[in-house]
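Novice:
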Amino acid sequence: MQGVTGSNPVPPTSSARPSRLIEAVFGFQKQLLEKGDKVSDIQITFPDGSVKNYPAGVAGQDILNDINGRIKKEAVAVKVDDKLFDLSRALPSGKIEFLTFDSRDGKDVFWHSSAHIMAHAVKELFPDAKFAFGPPVEEGFYYDIDAGQSISMDDLERIEKKMQEIADADRPFQRAELSAAEAIALFKERKEDYKVEQIERLGEPPAIYREGDFIDLCRGPHLPSTGYVKYFKLLSIAGAYWLGDERNPMLQRLYGISFPKKSQLDEYVTRLEEAKKRDHRRLGKELDLFSIQDETGPGLVLWHPKGAFIRHKIEEFWRQRHLKAGYEFVNSPHIARKDLWKTSGHLEFFTENMYSSMQVDEQEYLVKPMNCPFHLLIYKSRTRSYRDLPYRWAELGTVYRYERSGVLHGLMRVRGFTQDDAHIFCRPDQLDDEVVKLIDFSTGMLKAFGFDDMDVYLSTRPAKYVGSLPNWDRATEALKNGLEKTGIPYEVDPGEGVFYGPKVDIKIRDSIGRSWQCSTIQVDFNEPERFDISYIGADGEKHQPIMIHRALLGSLERFFGVMIEHYAGAFPLWLAPVQVQVIPITDAQHDYAKAVHAQLLEADVRAELDDRNEKVGYKIREAETGKIPFMLIVGQKEAEQKTVSVRKRQQGDLGSSGLTDFIEMIHDRVEKKAAA
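Residue 16 is where the sequence shown starts when you use this note's numbering, and the numbers rise one by one after that.
(1) With 16 other CB atoms within 10 Å as the buried threshold, where does R430 fall?
(2) Can you tell which of H558, F574 and S526 has its C-alpha closest to the C-alpha of Q532?
(3) If L775 and V73 are in contact, beta carbons under 8 Å, what's the gap, nearest whole angstrom?
(4) Counting along the chain, where does the beta strand (DSSP E) carrying D520 start and finish?
(5) Can you tell me the Cα-Cα spacing of R684 and K642, whole angstroms?
(6) Between D81 and G75, what straight-line distance do the alpha-carbon atoms span, to the nearest angstrom?
(7) Whole angstroms are fine: how far does the CA of A490 sit from the CA of L404?
(8) Taking just the CA atoms, how far does A191 sit from L201?
(9) Taking E89 as the reference, which of L484, F113, P236 and D208 has the closest Cα?
(10) What separation, rounded to the nearest whole angstrom, lies between the Cα atoms of V593 and D619?
(11) When you compare only the Cα positions, how much space is there between L362 and S371?
(12) Which runs of the beta strand (DSSP E) fall wholly inside the region 330-378 and span at least 3 residues, in chain order?
(13) Go through its chain and collect everything with a Cβ distance to H605's Cβ below 8 Å, but skip five positions before and after it.
(14) Smallest Cα separation from F61: which of V93, P70 and D185?
(15) Is Y406 closer than 9 Å to F440 when the C-beta atoms are compared?
(16) Using the Cβ count rule (16 or more neighbours within 10 Å means buried), how would you classify F150?
(17) Based on Cα-Cα distance, which residue from L171, V152 and S549 lies nearest to H558?
(18) Going by CA-CA distance only, name the one from L249, G584 and P221 that's closest to P236.
(19) Checking 9 Å against the spacing of the C-beta atoms, do E139 and K177 come in under that value?
(20) What would DSSP say about S306, mapped onto helix, strand or coil?
(21) Between K518 and S474, is the Cβ-Cβ spacing less than 9 Å?
(22) What is the DSSP secondary structure of S701, counted as helix, strand or coil?
(23) Ignore the nearest five residues each way along the sequence and tell me which others in Q46's own chain have a CB closer than 8 Å to its CB.
(24) Mind reading off the beta-carbon distance from A583 to K292? Whole number of angstroms is fine, and I expect it under 8 Å.
(25) Hey, quick one: how far does the alpha helix (DSSP H) through N68 stretch, first residue to last?
(26) Report the CB separation of F514 from V481 in whole angstroms; it is logged as a contact under 8 Å.
(27) Around the Cβ of F344, are there at least 16 other Cβ atoms within 10 angstroms (buried) or fewer (exposed)?
(28) Determine the direct distance from the alpha carbon of L567 to that of E679, and round the result to whole angstroms.
(29) Under three-state DSSP, which class holds Y401?
(30) Quick check: the Cα distance between E172 and D120, rounded to an integer number of angstroms?
(31) Ordered along the chain, which non-local residues of its own chain (more than five positions away) have a Cβ less than 8 Å from that of P644?
(32) So, at 6 Å on beta carbons, what are the nonlocal neighbours of E572 in its own chain, with the 5 sequence-adjacent residues on each side left out?
(33) To the nearest angstrom, how far is the alpha carbon of A553 from that of D547?
(34) Do you know whose CA, among L269, I78, M373 and R296, lies nearest A147's CA?
(35) Identify whether R216 lies in helix, strand or coil by the three-state DSSP scheme.
(36) With D683 as the anchor, note down where its alpha helix (DSSP H) starts and where it stops.
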């Protein structure tokens, strides 16, 4: 037994666990207190720099009692240096920070505790239920559950009522640390097969949490008690394979959301309803933009004419901006010999996301999951001089990655996608300037597409990494300096870098406040070393360049999906596949309407003519539903005066205009990238 934290254990029911383990797990309060008396005092440093000594065994909740203000009521957990603790746990010396729901870590604690409460409620209603994983996610939480029977949407209300009972009971979350053998015995007794397998896979002693009769495997931390979770809603049910493997049992994934305030839940529910209206899968079908069909295969996108046109305009603008920023374009094949992916390290670090090999001329080939190895080979094709650097090479390269069927989601998660890749090869003395340029360039591009609200993260060295620590420190410092020089607010995301280097991630917020991962800037010392690329320096010797990976839009498929939802399908005028609909009132105006339509096309205005034998009101509603920005209504008066009656989507009649003036207005709005 390694130790127990928490106080006032709630007596378990007879079905909770083996009696021997009840004593072993939660019966050591006295021993812990005696042990704590022998440890010297700890020193706590507060955010304002002040320092105070506390007796050993002091918990975050004890320290909160010395603090005034709202933090005393709103704290959900505590961080000492970079480690998170329950408010009830004994703390070590270090710099302290109390977490509230307003912080990312605080939300994770709140939502993870909510997942625990939801699992408890499911267990009460479905006694045979077994539990897999129940983490917090970007917004809310989920739990993968084998309930022994199907849980339907109709059951969610029952589960919510049971959750409310558990929350109202306000029972404390209690933590205990076990050896692997103790934990396996505990969960075998409880017939929790998935938990037993998790413990066996962990290879290290896990922690468990308990509230009332319910026990879960969890590293924590949790909220002080269930009563903190007052306002919540269960959202949906989906299928998920155990460990994401189709060969394993299919589980049910229950999604939920929770908040400390009712107003926050109400706001979220309203936003959720708006999100349903904006679902890119529904709008993609209604607007005839794209499809994903069984005959092609899951996760493989078919671009329809209107969607392909919008993509063309995005790519056209992308190329123009890159040329102005000093980039050159390269192109690479879709397959390569298997040895290339051994050299790059993808077979070692990325093999689960790569497709099986194919035999070509008795050689093994793989479809590419990345473009970067090809750019390295282009660099290596001839001797490079320090005078030539930096190289900025960009490619709209289609890649293929095997994503589990359970995670595929419209355009947001696919198996074949076009990545707007760029790789910069530079000297060490150029790194800081290139990072600044990349950040400015990336944020400027995103703003041009209408995304002004961004969250920026600096992701540092993960547990599994390659390369030397000095190189990691140098790269991380360059990214940090670049962010600070641009003045962009950012957060540090510890341990979330890729295996070959640290990165900057830029997440955009859409029109209803949702966050989407988009741009990434990654410094890489590893690939240049693996491919043995070099340049001849001023000293005549070989030196290794630094490689920077950069995806700006991420993937065109995903970015397009985000754009659909951001604009609710009503794309800005410069991107709209049809900018103007010409609508004659009667058959008598058909000839004039055709002339207006022809003049628009001649002026490079994307226009359609609706000369169907339908009522004008019906045609207008059709154009509104089709998200067409402008309609030109032409009747007898317009035909006689050689004018048009201008109507704007969702705004209605704008009055009469000369066609030339209208065309100039369209050109001006397109030039300025106006929203409509």
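Even glycine gets a Cβ: it sits at the ideal position worked out from N, Cα and C.
Specialist: Quick answer:
(1) buried
(2) F574
(3) Lying outside 16 to 691, the shown extent of the chain, residue 775 is not represented and no answer is given.
(4) K518 to R524
(5) 17 Å
(6) 10 Å
(7) Between the alpha carbons of L404 and A490 lies a distance of about 18 Å.
(8) 12 Å
(9) F113
(10) 11 Å
(11) 11 Å
(12) 350-352 and 373-375
(13) The residues are P599 and D626.
(14) Closest by C-alpha distance to F61, out of V93, P70 and D185, is V93.
(15) yes
(16) Note that residue 150 is Pro in the sequence shown here, rather than Phe. So P150 ends up on the exposed side.
(17) S549
(18) P221
(19) yes
(20) If DSSP states are grouped into helix, strand and coil, S306 belongs with the strands.
(21) yes
(22) Summary: the structure shown does not reach residue 701, with the chain confined to residues 16 through 691, and so no result is reported for it.
(23) Because Q46 carries a pLDDT of 42, less than 50, the predicted location of this residue cannot be relied on, and no value is offered for it.
(24) 7 Å
(25) Taken as a continuous stretch (DSSP letters only), N68 belongs to no alpha helix (DSSP H), being part of the beta strand (DSSP E) at V66 to Y69.
(26) The distance from the Cβ of F514 to that of V481 is about 6 Å, consistent with a contact at the 8 Å cut-off.
(27) exposed
(28) 32 Å
(29) coil
(30) 29 Å
(31) A585, L588, A591, Q594, V595, K663, R664 and A691
(32) V316, L426, V429 and F432
(33) 19 Å
(34) Looking only at L269, I78, M373 and R296, the smallest Cα-Cα distance to A147 is reached by L269.
(35) Of the three classes helix, strand and coil, the one that applies to R216 here is helix, per DSSP.
(36) L674 to E686
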